[in-house]
Each structure stands twice: as structure tokens, then as C-alpha cells.
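These notes concern the structure reproduced below.
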């Protein structure tokens, strides 16, 4: 492929990506729905579940007297990390509605008639979904940071940038996962149903809504086999890890601190062995690469199948017309 062809493909991908992004933000209902979902969950945590988590926290460290900033801050960080871990996935399914809508309305079939290549559509849909999801999730992240600051901020600058990176990687994971699932959906009702199911179930299967430490050993090990769990673990470790220093400064023994971090999933264990942060990154990055590869392969195989079917249909029509004459 020569340079002019590569430049042409890049222009087409950028144009198709921009088109999909504009369509999403033009639909006010879809935009508001994507924005309001993580904010509502965050509000539910703050208004109704914050006290429950405080009681769990006090139960783990009932023998020690901790400042309100430490207690409220670590609980708020747990809540925000839960919201971000889930919304990076669920918002991606909402953002992918344009891909399904194009298929339902016949837009994709019309585009394939043009000189635009198949990989242009694949990349355009993926990049557009990622951009939209990143925009929504970073807004949710900023709101979450404001909430944590009001309760008791402890994250360092390095932790803050790490959370920004975690959102980026988790969105790439969610975009690839939703793109694979949504490729096989052929109606708006189907993607709405899938989005509802994912929103309800995913939070439990990745350890966001309920601590993994509270599950049975078999269930906990099964959840640890899910790649999304390591996205949640990254959020937990970067948003809650610095509170360990605050607790140590308030004379809390290291054993009690480790027990708290393990209980709130700020430290993950897989079959009894602690999972390091670098290992979580390796799992997430490899999963993203694998899912993107699967998405591209599915599009390539289905595209080749359609191309083989079209000449056959044309030939059959020609034979029918000839027989009539």
C-alpha cells in the first residue's frame, strides 16, 4: 500500500469517526442517558450506601480511632472507583447504538457500496465509540474527584494520572467488548436489552458492586478470571492506596491496614497470591488487544462472506431473467 492510499484511508477513517461522534452528540436523549447513568449511581452511593460502607469500615477497624477525613475519604474513593469501573463498560454499549442503528436503517449497506473499505468502517465505529465513552467517563471522573475532595482527598499526583490512564484503558476494553457484542445485534430493542443486562450484571462480575472478598472462594476465583476485575482492581489500588499511609500515620498496624485493603478489594489475590499492579496492566492491555483483534477478524470474515454471496445472487437473478426470455 502506497503513501497516498494510506493517507486516503486515514482521511476516510477520520471523516467516518467524526460522523459517528456528531450523530451521538446530536441525539440529546442518548447523550443525556449516557451522562446521567453514572451520575445517578454515584448519587445513590453518596445518599444511601455511604453510611453502610462506613459501618463496614468501622467494623474492620473498630479498635482504632481514625479521623473523619480518612474514614470518609477511603469510603468515597471506594464508591467512585466502583462507578468508574462500571460506567466505562456500560456507556460503551450506549455509544455503540449508532453502529446498530446504521445496520437497522440500511446505512451500513449503502456505505459498503461506496469505495470506502471495510476496515474504514471498523475503525470509524471503534474510534467514535471510544471517543464518546471517554468524554462521558472523564466527566464522571471529574465529578467523582470533586466528591472525594469534599470527603477527604489523599491521592497523590501520580495516583491521579494513573486513574486517568485506568479510565482510558478500561474504556478501550469496554469499547472492544461492546463492539463485538453489538456487531451481532440487528435491532434497537436488542441493544437496549443487552445494555440493561450489562448494566445490571457487569458490576457484580467485576467486583465493583460487591467486594470480591465477600464471595465464596470458588466464586471469588471465578470472578478473578474475568478481565474486567483487573480494571476494577486498578481503580481501587490507585484511588484507595494512599489512605494506607494516612492510617499508618494514625498508628493503625500494617496487618489491620492490609486486612482493610483486602476487604475493600484495593489488593487483589488470585488463588492466594497477591496480584501486582503491573500484572493487572498486562492483563488489561492484552485483553484489549485480543478483543480488538477479534472484532477486526469478525468484520473481515463476515465481509468476505457477503462479498462471496453477492455475485451468487446476481448470477441467480441473471439466470432467472434469461429463463423468462
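Residue numbers (the numbering used here): 57 to 381.
Just so it is clear, CB atoms sit at the ideal spot from N, CA and C, and this is done for glycine as well.
- Excluding the 5 residues flanking it on each side, residue 200 has same chain C-beta neighbours closer than 7 angstroms at 98, 136, 139, 140, in chain order.
- About 23 angstroms separates the beta carbons of residue 100 and residue 316, which is beyond the 8 angstroms limit, so they are not a contact pair.
- Pairing residue 123 with residue 151, the inter-Cα distance amounts to about 42 angstroms.
- When only Cα atoms are considered, residue 332 and residue 292 end up about 13 angstroms apart.
- Residue 119 counts as exposed, since fewer than 16 other beta carbons sit within 10 angstroms of its beta carbon.
- Taking residue 108 as reference, the option from 144, 265, 248, 340 with the minimal CA-CA separation is 265.
- As DSSP reads the structure, residue 329 sits in a beta bridge with 326.
- Secondary structure of residue 242 (DSSP, three-state): coil.
- DSSP places residue 264 in no alpha helix (DSSP H); its state is neither H nor E.
- In the three-state scheme derived from DSSP, where H, G and I count as helix and E and B as strand, residue 70 is classed as helix.
- Membership of residue 111 in the alpha helix (DSSP H) is indicated by the continuous run 106-116.
- Taking the C-beta atoms as reference points, residue 155 is found nearer than 7 angstroms to residue 181.
- An exposed status is given to residue 349, since fewer than 16 other beta-carbon atoms sit within 10 Å of its beta-carbon.
- Using a Cβ distance threshold of 7 angstroms, residue 189 and residue 302 do not count as a contacting pair.
- Taking residue 87 as the centre and dropping the five residues before and after it, the same chain places the C-beta of 80, 81 closer than 8 angstroms to its C-beta, in chain order.
- Put simply, the backbone Cα of residue 236 is about 25 angstroms away from that of residue 195.
- Here DSSP, grouped into helix, strand and coil, assigns residue 309 to coil.
- Boundaries of the alpha helix (DSSP H) harbouring residue 274: 273-280, taken from the DSSP string.
- Its Cα nearest to that of residue 261, the residue 275 stands out among 226, 299, 207, 275.
- The Cβ atoms of residue 204 and residue 133 lie closer than 7 angstroms to each other.
- The continuous alpha helix (DSSP H) containing residue 135 extends over residues 124-151.
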